[in-house]
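*Asks:*
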Amino acid sequence: MFPSKALILGLGKSGQSAAQLLCRKGVEVLAVDENPTLQAEGLLALGAKLHLGPMSPALWEGVEVAILSPGWSPHSPACQEALQRGIALWGEIELAFRCLPEGAGPLLGITGTNGKSTTTALLGHLLSPTRAPVFVGGNLGRPLTEACAQAFAVHAVELSSYQLESLHKACFLGACWLNLTEDHLARYGTMEAYEAAKLHIFERPPPGAYAVLNADEARLWKHAVPLREQGRGLWGFSLEKDRPEGVEGWAKGGEGGIELYTPQGAHFLPLANRSLRGRHNLSNAMAALCMAHAHGIPVSALARGLGSFEGLAHRLEFVRELDGVEWINDSKATNVDATLVALEAMTSPVWLIAGGRGKGASYQPLINASRKKVLGVLTVGEDAVLLAQAFAGETEVLDCGNVKEAVLKARQLAKPGEVVLLSPACASQDQFANFEERGNLFRRWVEAL
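Numbering of the sequence shown is given in our numbering, commencing with residue 0 and proceeding in unit increments.
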């Protein structure tokens, strides 16, 4: 039985999509968001009722199920009250799973602390030779509930730990866990609790299910045997280890490409795509290859897909080459760790555009990563002074004030064979609405040179 009345907690992209789906199914919808200025006229037109402001107990009256946006923890006081009232708590992923149309294909889920978006997008690209419609989304831009409007042959779904917390029946034919590093501890309290949330991706395996794990992370690989004992086919990938016994498939990354070991034999797939540069993207590519081949995509199609993948905007995005200088948009690098990853991926001398609204982290780790690689730092935004202090005596520092001036200055400085890299190590809100706007404008200014 489908609920007659549902309450939507949070009206971000996934919350609004969930509300629209339920309205179209004839469910009475009460949509709640704590932002009193939110614009949601589209939901009103579909018949939903809105409550903008703090949650109150009276709002639970008559509700049978609450759909949680990722920002709402099931352990919050409001959600605990719902459980005490016997109200089910579903996430948007759970709702979508229950509403997928007849004939819809399976879900292939990808989770991890880092790399989820690139891996999910690449997986969707590798699945496309089937010529059947492929859905790519989840935590990656497009809510899974949008897949309920048509029968897709397969769904490549990015999953955050928040989305995995509120699953009950949803299950994944293919489930990939990329990595686990310290994150979201304000919500989980401990790494053990964070790890437990990620493990929900492997629950309720359907017939023919398979798991893909990063064998370079002991915290993940310890789950290999239990997952195999569940009856899943086990695939692993590694930058360091050779194929062990007991796995169905394996990928090992190395110089120039990836060795893919399948039940049919070993294959070498070259990897020269600028959209997949760096060791982190080598790991992402191996994970996507394992997922796609386990789902039946032939090796020849995988090799073509690796070469034609265009990457995601704002993540080491190749913008153009001008007079022998390569320009790269990594605006998504909103913290120091992300910029460290970008610098590690560079194999040519770099002019680094960095700065914005810092997050309080030390910039000192950037110094070691920059030695013998960074020709100069073009600083912008609120943390320009702090960056200048960190790099003082290490490399040339030029205060440009804003990204547009940094682009113009870099055009004067960069020589053939060098790279201009926007990888700010900072948030963007001092001068831009978000990192997307910063990256889009950077791209526009570079293309206008």
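Glycine included, C-beta positions come from ideal geometry on N, C-alpha and C. Note that the structure is a prediction, hence the values are computed from the model and not measured.
1. Count the other CB atoms, across all protein chains shown, that sit within 10 Å of the CB of F267; report buried if there are 16 or more and exposed otherwise.
2. Since I believe D322 is in contact with P415 (beta carbons under 8 Å), could you give me their beta-carbon distance rounded to a whole number of angstroms?
3. Counting only the same chain and skipping the five closest in sequence on each side, list residues whose C-beta sits under 8 Å from that of L385.
4. For V324 and L421, what's the separation of their Cα atoms in angstroms?
5. Would you report the Cα separation of E27 and E60, rounded to the nearest angstrom?
6. Does DSSP classify Y362 as helix, strand or coil?
7. Can A344 and G277 be called in contact, C-beta distance under 7 Å?
8. On the three-pair Cβ rule with 8 Å, is the region 109-129 touching the region 298-305?
9. For L121 versus G137, is the C-beta spacing smaller than 7 Å?
10. Looking at the structure shown, is C170 part of a helix, part of a strand, or coil, going by DSSP?
11. Please determine if the region 68-79 and the region 160-168 are in contact, where contact requires at least 3 C-beta pairs separated by less than 8 Å.
12. To test your reading of the DSSP string, which unbroken alpha helix (DSSP H) runs of 4 or more residues are found completely within the region 98-181?
13. For L151 and P100, what's the separation of their Cα atoms in angstroms?
14. Return the first residue and the last residue of the beta strand (DSSP E) that H266 is part of.
15. From this set, V31, E40, A39 and P76, which residue's C-alpha is nearest V62's C-alpha?
16. Thinking just about the alpha-carbon of each residue, which of E436, E404 and S427 is nearest to the one in L448?
17. Could you tell me whether any non-hydrogen atom of the ligand FAD is closer than 6 Å to the CB of Q411?
18. Grouping DSSP H, G and I as helix and E and B as strand, with all else coil, what is G248?
19. Please look up how many angstroms separate the CB atoms of L143 and V156, rounded, as I've assumed it's under 8 Å.
*Replies:* The structure says:
1. exposed
2. 6 Å
3. G357 and Y362
4. 13 Å
5. 12 Å
6. coil
7. yes
8. yes
9. no
10. coil
11. yes
12. 115-126 and 160-163
13. This sequence places Phe at residue 151; Leu is not what is there. Distance between the alpha carbons of F151 and P100 is about 9 Å.
14. Its beta strand (DSSP E) spans residues G264 to P269.
15. V31
16. E404
17. As for the ligand FAD, it is missing from this structure, which has no ligand bound.
18. strand
19. About 6 Å; that satisfies the 8 Å criterion.
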